[in-house]
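Residue numbers (the UniProt record's numbering): 106 to 315.
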Ligand code: ADP
């Protein structure tokens with residue numbers, strides 16, 4: 106069996122899609138293969154993250170290769186870092202180009218938690234990471250909102266777009282990759298996602314929907 110396949114088997118990583126990039130052997134490969142900045146590796150070390158988790162090993166190279174990603178891995182398996190790390194790497198540095206990337210979370214709690222994790226990983230860089238709170242939805246003048254990463258629930262985002270003139274066209278210019286991370290991947294959700302994703306790689310850790 107080829108090296109990647111053996112390594113995936115060892116970590117219970119299942120993939121489908123064409124030309125799936127090799128999984129990460131360690132965090133240092135983020136630098137040697139993808140030119141990751143030192144601050145991220147330093148933050149991972151400070152947070153006590155020694156090795157990437159299986160979902161991180163496979164999903165990060167998929168996204169960094171410019172591919173769309175469907176990822177399904179159990180709760181607590183490190184999915185947040187798996188999509189935030191490539192996001193920070195692609196954004197490179199803070200900028201005032203409107204909203205540059207969006208993370209949608211199904212609940213407010215998850216959105217708040219994701220925002221906290223994001224800030225920890227971005228420590229030492231001036232990225233502007235904004236949580237869409239009820240107060241922000243009510244008060245902000247979104248036509249002037251500059252933010253590198255906006256984290257919201259779907260309803261609040263929809264409200265902001267409809268009523269508060271939030272313009273997401275800048276997201277497409279700076280971050281044109283869609284990915285979907287979940288602990289479960291029901292067929293209906295995957296079918297819906299496939300209507301907007303075309304060359305997606307599917308990454309499943311353990312068994313689908315277990
Ligand atoms: P999920 O989104 O899959 O439920 P989280 O992203 O919330 O999981 O991560 C679960 C916990 O694991 C968090 O406390 C996070 O800080 C920690 N974690 C993430 N990546 C690693 C890693 N590579 N090594 C050790 N702990 C990690």
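Ideal Cβ positions, reconstructed from N, Cα and C, are used throughout, including at glycine. Bear in mind that the values here come from a model prediction, so they are computed numbers and not experimental data.
Asked	Found
How far does the alpha helix (DSSP H) with residue 312 in it reach, from first residue to last?	Careful: residue 312 lies outside any alpha helix (DSSP H) and carries neither H nor E.
Can you name the residues that DSSP bridges to residue 206?	254
Please list, in chain order, all residues of the same chain as residue 125 whose beta carbon is under 6 Å from its beta carbon, the five residues on each side excluded.	306
Assuming residue 132 and residue 152 make a contact with CB atoms under 8 Å, what is their CB distance in whole Å?	At roughly 11 Å, the Cβ-Cβ gap does not stay under 8 Å, so residue 132 and residue 152 are not in contact.
For the alpha helix (DSSP H) containing residue 287, name the first residue and the last one.	Where residue 287 is concerned, there is no enclosing alpha helix (DSSP H), although the beta strand (DSSP E) it sits in stretches over 284-287.
What is the C-beta distance between residue 283 and residue 302, in whole angstroms, given that I count them as a contact (C-beta under 8 Å)?	6 Å
Answer yes if the stretch 190-202 comes into contact with the stretch 111-122, meaning at least three C-beta pairs across the two stretches below 8 Å, and no otherwise.	no
Based on Cα-Cα distance, which residue from 123, 122, 128 lies nearest to residue 51?	The requested residue 51 is not part of the displayed model; the chain covers only 106 to 315.
Any heavy atom of the ligand ADP closer than 7 Å to the beta-carbon of residue 161?	yes
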